[in-house]
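Undergrad: Structure incoming, see below.
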Amino acid sequence: MREKILTFIEKNSRIDLKELAIVLGVDSATVLNELEAMEAEHIICGYHTLINWEKTGIEKVTAMIEVRVTPQRGMGFDKVAERIYNYPEVESVYLISGGFDFMVILEGRTLREVSQFVSEKLSPLESVLSTKTNFILKKYKDHGTIMAEPTRDERMKITP
Amino acid sequence: MRNPLSRTIVEIEPSGIRKFFDIVNEMEEAISLGVGEPDFDTPWHIREEGIYSLEKGRTFYTSNAGLKELKVEISKYLERKFGLSYDSDKEIIVTVGGSEAIDIAMRAMLDPGDEVIIPQPSFVCYPPCALLANGTPVIIELKAEKEFRLTAEELKAAVTSKSKLLVLPFPNNPTGSVMSRKDLEEIAEVVIENDLFVLSDEIYAELTYGEEPHVSIASLPGMRERTIVINGFSKAYAMTGWRLGYACGPGVILEQMLKIHQFAIMCAPTTSQYAAVEALKNGDKDIIRMREEYDGRRRYLLHRFREMGIPCFEPYGAFYMFPCISVFGLTSEEFAEKLLESEKVAVVPGTAFGRGGEGFIRVSYAYSLEDLKKALDRIEHFVNNLRK
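These protein sequence lines map, in sequence, to chains C and L.
Residue 50 is where the first sequence starts when you use the numbering used here, and the numbers rise one by one after that.
Residue 4 is where the second sequence starts when you use the numbering used here, and the numbers rise one by one after that.
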């Protein structure tokens, strides 16, 4: 049941509780209990909105920064990650396999703001060995959603 | 000048509600619950394979019966899903949609005067196809009390000395009705007793909900040699526009069907055939994903109709609801026309699928939940006004 609820609300978190229960074929109380339990267990970590900022005219710059670090004795990567993810301008931090250690996703108003963060906050951290900043030029798909205009229903209106 | 037309074709009635369809199709602002095809796009990996086949220049005819690779995959698929076993060399023909398969099966099996038993409400093509094959359609009107399943009694009552072929259209368009194994066993008994053949149109087989999976009548003892199974890619893989279906059955019948196919069609579209190979090899998960989504909408729609006090049995197949609107004192066509006029919602009158559909409307749930919700709100508003 949990998987079904999660799969559904991952794509549509605004669905009415009663409707969700009907769609899943269970009673509302069950859905409500599961949702509350999963919120408490921090399985559901929030209900966010996917925004295509490009269309708003509001300037935003997103960078994906590859970071190489020296893990700290006894703490591994977690302690270093914590020092990075506590900055509010940091969107996401992932530990990555491959040529570098962290993928840090950063959002700022301008290129300058982002590069300033990298040079003044991120690079000077003691355990950071190197960074490589990649700016996002265009978002095609985010959170499983294609950013282009949804296509119109081109089916004939009535077919047997 | 002589009459250029064939009497047979002139006598076939065009669909009576053509006019209504034309109005709806031109009405830009109408919300339609009237389509008989999936709202999903063909899964990308399947489309990709079609594109790749074009890039590779695979733009030639295939052999008449279809690509060998595809027939092998169809054979494996039917075994895996329904426990049917067909020889990919002699017992499978790839056709232009399920429709062609229905047509050539009837042409291959009927002689003038042979009766074709057709349960209705059902898809519109069976009676015309029977007529074009010189057969005589004999209609069984399925009953709402039986949830539009075909019963052995009804079949027995329709059988005459001329009966040859039974069309078995389940899961059913427009009712959403399915036949359980037990239902089919009872039908099979009558079929064998009366030496009939069966054209089992299982195009919606993958869209079966509830506990019991789809059962093909061809998998019952003694039925394989009497049954042509029709299936295809349109509904299961959301591939309507690719026009690809297939027929499976005993070699003696398929051999004759192949002659018609060979002379009239040559072969099914090559691009579609390559895409279909990918569908069968790697598409099982797509079917599950789409089926689950339809299933949720099905529950939602059923709930809404019952909440509105409109009688509706729970359908376990296809993507249609068939609610009964006779309580409002309107015919199906009047109901559909008034609904379109006052709320701009299009549904299909039950009578489009045979006289037995009077008193019902077909509501398709091949739409997103949001669209369904919007349309259902309007229908609710409409019936509340009717009740005033």
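Glycine included, C-beta positions come from ideal geometry on N, C-alpha and C.
From a predicted model like this one, the values you see are computed outputs, not experimental measurements.
State whether the region 75-86 of chain L contacts the region 266-274 of chain L, with contact taken as three or more CB pairs (one from each stretch) at a distance under 8 Å.
TA: no
Undergrad: Hey, would you say Ile233/L sits closer than 7 Å to Asp204/L, going by beta carbons?
TA: Counted from its first residue, the second sequence places residue 233/L at position 230. Counted from its first residue, the second sequence places residue 204/L at position 201. Yes, Cβ-Cβ distance for Ile233/L and Asp204/L is below 7 Å.
Undergrad: Mind pulling the chain L residues with CB within less than 8 Å of Val72/C?
TA: The count along the first sequence starts at 1 and reaches residue 72/C at position 23. Residues of chain L passing the Cβ test: Gly299, Arg300, Arg302, Tyr303 and Leu372.
Undergrad: Run through DSSP, which three-state label would Leu113/L get?
TA: On the second sequence, position 110 is the one that residue 113/L refers to. Residue state, collapsed to three classes: coil.
Undergrad: For chain L, is any of its Cβ atoms less than 7 Å away from the one on Lys187/C?
TA: Your numbering for residue 187/C matches position 138 in the first sequence. No - not a single Cβ of chain L is within 7 Å of the one on Lys187/C.
Undergrad: How close, in whole Å, do the beta carbons of Gly254/L and Glu94/L come, if the pair is a contact with beta carbons under 8 Å?
TA: Mapped onto the second sequence, residue 254/L falls at position 251. Mapped onto the second sequence, residue 94/L falls at position 91. The C-beta distance from Gly254/L to Glu94/L rounds to 6 Å, short enough to fall under 8 Å.
Undergrad: List the endpoints of the continuous alpha helix (DSSP H) containing Gln265/L.
TA: Residue numbering aside, residue 265/L sits at position 262 when the second sequence is read from its first letter. Unbroken alpha helix (DSSP H) run through Gln265/L: Gly254 to Ala267.
Undergrad: Quick check on Ile58/C - is its C-beta less than 7 Å from some C-beta in chain L?
TA: For the purposes of this step, residue 58/C is taken as residue 9 along the first sequence, with counting starting at 1. So no, Ile58/C is outside the interface.
Undergrad: Are the C-beta atoms of Asn175/L and some chain C residue less than 7 Å apart?
TA: Numbered from its first residue, the second sequence carries residue 175/L at position 172. False, the Cβ-Cβ gap to chain C never drops below 7 Å.
Undergrad: What did DSSP end up calling Ile69/L once you bin it into helix, strand or coil?
TA: Against the second sequence, residue 69/L aligns to sequence position 66. Note that residue 69/L corresponds to Gly in the displayed sequence, not to Ile. In the structure shown, Gly69/L sits in coil (DSSP, three-state: anything other than H, G, I, E or B).
Undergrad: With burial defined as no fewer than 16 other Cβ atoms inside 10 Å of the residue's Cβ, what is the status of Trp245/L: buried or exposed?
TA: The count along the second sequence starts at 1 and reaches residue 245/L at position 242. So Trp245/L ends up on the buried side.
Undergrad: What is the DSSP secondary structure of Pro199/C, counted as helix, strand or coil?
TA: Within the first sequence, the letter at position 150 stands for residue 199/C. Coil at Pro199/C, not helix or strand.
Undergrad: With a threshold of 7 Å between beta carbons, is Ala349/L in contact with chain C?
TA: The residue you call residue 349/L lines up with position 346 of the second sequence. So, interface residue.
Undergrad: For Pro124/L, which option in Ile364/L, Phe23/L and Ala68/L has the closest C-alpha, if you only look at C-alpha atoms?
TA: For the purposes of this step, residue 124/L is taken as residue 121 along the second sequence, with counting starting at 1. Comparing Cα positions, the closest option is Ile364/L.
Undergrad: Beta strand (DSSP E) containing Tyr207/L: first to last residue?
TA: In the second sequence, residue 207/L corresponds to position 204, counting from 1. Neither: Tyr207/L is in no beta strand (DSSP E) and is coded neither H nor E.
Undergrad: Could you tell me whether any Cβ in chain L is nearer than 7 Å to the Cβ of Thr180/C?
TA: As a working mapping, residue 180/C is identified with position 131 in the first sequence. No, its Cβ sits nowhere closer than 7 Å to a Cβ of chain L.
Undergrad: Just the chain C side, please: which residues come within less than 9 Å of Val127/L by C-beta, in chain order?
TA: Here residue 127/L is taken as the residue at index 124 of the second sequence, counted from 1. Chain C residues near Val127/L: Pro209.
Undergrad: Please work out which residues of its chain come closer than 6 Å, Cβ to Cβ, to Lys74/L, disregarding the five sequence neighbours upstream and downstream, and give them in chain order.
TA: Residue mapping note: residue 74/L aligns to position 71 of the second sequence, counting from 1. Excluding positions up to five away in sequence, the list reads Ser91 and Ile95.
Undergrad: Three-state secondary structure (DSSP) at Thr154/L?
TA: Indexing the second sequence from 1 puts residue 154/L at position 151. Three-state DSSP puts Thr154/L in coil, outside helix and strand.
Undergrad: At the level of alpha carbons, what is the spacing between Lys185/L and Ile207/C?
TA: The sequence position of residue 185/L within the second sequence is 182, counting from 1. The sequence position of residue 207/C within the first sequence is 158, counting from 1. The alpha-carbon atoms of Lys185/L and Ile207/C are separated by roughly 34 Å.
Undergrad: Consult DSSP for Val162/L and reduce its assignment to one of helix, strand or coil.
TA: Here residue 162/L corresponds to residue number 159 of the second sequence, with the count starting at 1. Val162/L: coil per DSSP, three-state reduction.
Undergrad: So, helix, strand or coil for Arg158/C, using DSSP?
TA: Locating residue 158/C in the first sequence gives position 109, counting from the first residue. It is coil, neither helix nor strand.
Undergrad: Quick one: is Lys190/C near chain L, going by C-beta distance under 7 Å?
TA: Taking the first residue of the first sequence as 1, we reach residue 190/C at position 141. No, no contact with chain L.
Undergrad: Hey, which unbroken runs of the alpha helix (DSSP H) at 4 residues or more fall wholly within the region 17-77 of chain L?
TA: 21-29 and 47-58
Undergrad: 7 Å is my cut-off, CB to CB: does Lys67/C come that close to chain L?
TA: On the first sequence, residue 67/C is found 18 positions in, with the first residue counted as 1. It does not; no Cβ of chain L falls within 7 Å.
Undergrad: On a CA-only basis, which of Trp102/C, Arg204/C, Arg132/C and Asn82/C is nearest Lys188/C? Give me that one, please.
TA: As a working note, residue 188/C is residue 139 in the first sequence. Comparing Cα positions, the closest option is Trp102/C.
Undergrad: Please classify Met50/C: is it buried, with 16 or more other beta-carbons within 10 angstroms of its beta-carbon, or exposed?
TA: For the purposes of this step, residue 50/C is taken as residue 1 along the first sequence, with counting starting at 1. Met50/C should be labelled exposed.
Undergrad: How about Val38/L: is its C-beta nearer than 7 Å to some C-beta of chain C?
TA: Counting from one through the second sequence, the residue named residue 38/L turns up at place 35. Val38/L counts as touching chain C.
Undergrad: Can a CB atom of chain C be found closer than 7 Å to the CB of Phe236/L?
TA: Sequence index remark: in the second sequence, residue 236/L carries index 233 (1-based). No - not a single Cβ of chain C is within 7 Å of the one on Phe236/L.
Undergrad: At least one CB of chain C closer than 7 Å to the CB of Val193/L: is that the case?
TA: Walking along the second sequence from the start, residue 193/L turns up at place 190. The beta-carbon of Val193/L is placed no less than 7 Å from the nearest beta-carbon of chain C.
Undergrad: Would you verify that the beta carbon of Val27/L is, or is not, closer than 7 Å to some beta carbon of chain C?
TA: Residue 27/L sits at position 24 when you count from the first residue of the second sequence. Val27/L counts as touching chain C.
Undergrad: Name the residue from Lys146/L, Leu169/L, Met260/L and Arg302/L whose alpha carbon lies nearest to the alpha carbon of Arg358/L.
TA: The residue given as residue 358/L occupies position 355 in the second sequence. Closest option to Arg358/L, Cα to Cα, is Lys146/L.
Undergrad: Would you list the one or two residues that DSSP bridges to Leu66/C?
TA: Sequence index remark: in the first sequence, residue 66/C carries index 17 (1-based). Per DSSP, none; premise fails for Leu66/C.
Undergrad: Find the residues of chain C that neighbour Ala33/L, judging by a C-beta separation of less than 9 Å, and give them in chain order.
TA: One-based indexing of the second sequence puts residue 33/L at position 30. Chain C residues near Ala33/L: Lys206.
Undergrad: Find out if the Cβ-Cβ distance for the pair Gly53/L, Gly248/L is shorter than 7 Å.
TA: Numbered from its first residue, the second sequence carries residue 53/L at position 50. Numbered from its first residue, the second sequence carries residue 248/L at position 245. Cβ distance not < 7 Å, so Gly53/L and Gly248/L don't count as in contact.
Undergrad: With distances taken from CA atoms, which of Cys128/L, Asn137/L, Ser164/L and Gly213/L is nearest Leu171/L?
TA: Reading the second sequence from its first residue, position 168 is the one you call residue 171/L. Of the listed residues, the one whose Cα sits closest to Leu171/L is Cys128/L.
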